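Note that the protein sequences, when read in sequence, are chains A and B.
Letter by letter, the first sequence follows residues 1 to 141 in our numbering.
Letter by letter, the second sequence follows residues 142 to 282 in our numbering.
There are 2 protein chains.
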Amino acid sequence: MFNMIELEQILKKNNVKPTAMRLLVLQFLLNKKSAISLTDVEEYFVKSDRTTLYRTLKTFVESELAHKIDDGTGITKYALCEENCHCDIDTDLHLHFHCKQCNETVCLTDHKIPNINLPKDFIAEDVNLVVKGICNKCNSN
Amino acid sequence: MFNMIELEQILKKNNVKPTAMRLLVLQFLLNKKSAISLTDVEEYFVKSDRTTLYRTLKTFVESELAHKIDDGTGITKYALCEENCHCDIDTDLHLHFHCKQCNETVCLTDHKIPNINLPKDFIAEDVNLVVKGICNKCNSN
DNA sequence: TAGTGTGTGCAACGGAAGTGCATTAATTTG
DNA sequence: CAAATTAATGCACTTCCGTTGCACACACTA
Ligand SMILES: [Mn+2]
Ligand SMILES: [Mn+2]
Ligand SMILES: [Zn+2]
Ligand SMILES: [Zn+2]
């Protein structure tokens with residue numbers, strides 16, 4: 001996948017100091033196909049503290065390296081942003097899909113959020129679109 | 142607004158036994174223009190217990206009298222369904238708007254959720270579309 | 001090397017949803 | 001009508017997750 005040098009560059013590009021933990025969490029996120037929760041990271045890095053991981057993810061979100069996902073499960077998920085993403089409402093926001101069977105949440109980055117007509121005087125600043133159902137993997141089993 | 146007889150009929154129509162508390166909560170919901178949280182109800186009915194109100198709302202949702210709204214604030218909101226609503230994915234689901242200023246969440250029942258194209262083998266069973274920003278009221282002040 | 005700032009770990013807190021169980025109210029049945 | 005059954009309510013308690021405060025460790029800079 002990615003070696004440490006590459007991981008470092010990703011962090012530096014987003015003005016995040018490449019500490020050991022951050023590099024590992026970044027690697028973890030890169031290897032995951034679906035969105036992950038704090039608990040997921042916690043269970044993987046048993047040696048590290050929950051708070052550190054929490055703040056690592058927070059740092060990633062604040063530096064636009066990752067985005068938070070509210071998939072309606074009540075558990076906040078995280079996923080890496082795509083290259084050059086600024087979580088812009090018109091160009092970057094995409095659909096999220098939560099599978100009720102395998103309980104995984106995925107970014108459908110190809111499915112941008114459709115333009116939404118709001119009533120007069122409403123101003124949109126952020127949009128969240130989540131579809132729940134059965135994912136492709138679970139469906140073909 | 143609605144008198145007790147009418148309120149009773151609404152409950153009975155949805156096979157909910159019209160207890161005193163349920164009638165009052167129904168009335169409260171009917172008078173509210175925006176979606177309400179359990180805490181909202183709790184603060185209004187100080188004499189009643191939170192659990193009772195919690196279960197009242199739960200009963201309403203289960204009997205399709207009301208629907209739950211996850212507006213991304215982390216606090217579950219509730220709003221009455223429209224006449225003949227069955228929370229059907231194709232016909233009933235609508236857009237929700239959360240105002241960052243007044244902190245209110247409203248149902249935009251006229252704005253049905255647009256048809257969403259999913260990748261192959263994905264099955265949609267539920268959709269949640271929430272727009273955050275500034276509402277019409279806050280915008281005109 | 002001393003000093004300053006940032007990152008990490010431990011502990012504790014807070015809000016909100018949910019559950020178990022006893023009590024009370026309503027409804028059915030003899 | 002009285003007894004028995006069922007449903008609703010109230011209180012206490014739990015759980016889960018996100019978050020914060022503070023002390024210590026590490027890293028960089030003067
Ligand atoms: Mn995403
Ligand atoms: Mn609604
Ligand atoms: Zn699945
Ligand atoms: Zn507003």
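Each residue gets a CB set at the ideal place from its N, CA and C atoms; glycine is no exception.
Computed from a predicted structure; not experimentally measured.
Practice problem: Kindly say whether serine 178(B), judged by its beta-carbon, lies nearer than 8 Å to any beta-carbon of chain A. | Solution: It does not; no Cβ of chain A falls within 8 Å.
Quiz item: Taking the alpha-carbon positions, what's the tyrosine 44(A) to threonine 214(B) distance?
Solution: 28 Å
Practice problem: Give the interface partners of alanine 66(A) over in chain B, defined as CB-CB distance under 8 Å, in chain order. | Solution: Those do not exist, as alanine 66(A) stays about 17 Å from chain B at its closest Cβ, beyond 8 Å.
Quiz prompt | Through-space distance from asparagine 244(B) to lysine 273(B), alpha-carbon basis | solution = 10 Å
Quiz item: In three-state terms, what does DSSP make of isoleucine 151(B)?
Solution: helix
Exercise. With 8 Å as the threshold, decide whether the Cβ of glutamate 104(A) is near any Cβ in chain B.
Key: no
Quiz item: With contact counted as at least three CB pairs below 8 Å, one residue from each stretch, are the segment 188 to 199 of chain B and the segment 151 to 165 of chain B in contact?
Solution: yes
Quiz item: With a CB to CB cut of under 6 Å and the five nearest residues on each side skipped, what residues in its chain are close to histidine 252(B)?
Solution: His235 and Leu236
Exercise. Less than 8 Å between the CB atoms is what I'm expecting for proline 159(B) and leucine 152(B), so what's the real figure, rounded?
Key: 4 Å
Quiz item: What are the complete beta strand (DSSP E) segments, minimum 3 residues, inside the segment 32 to 79 of chain A?
Solution: DSSP runs (the beta strand (DSSP E)) wholly in the segment 32 to 79 of chain A: 66 to 70.
Self-check item: Cut-off 8 Å between Cβ atoms - residues of its own chain near serine 37(A), not counting five sequence neighbours on either side
Solution: Ile75, Thr76, Lys77 and Tyr78
Quiz prompt | Any chain B beta carbon closer than 8 Å to valine 130(A) | solution = yes
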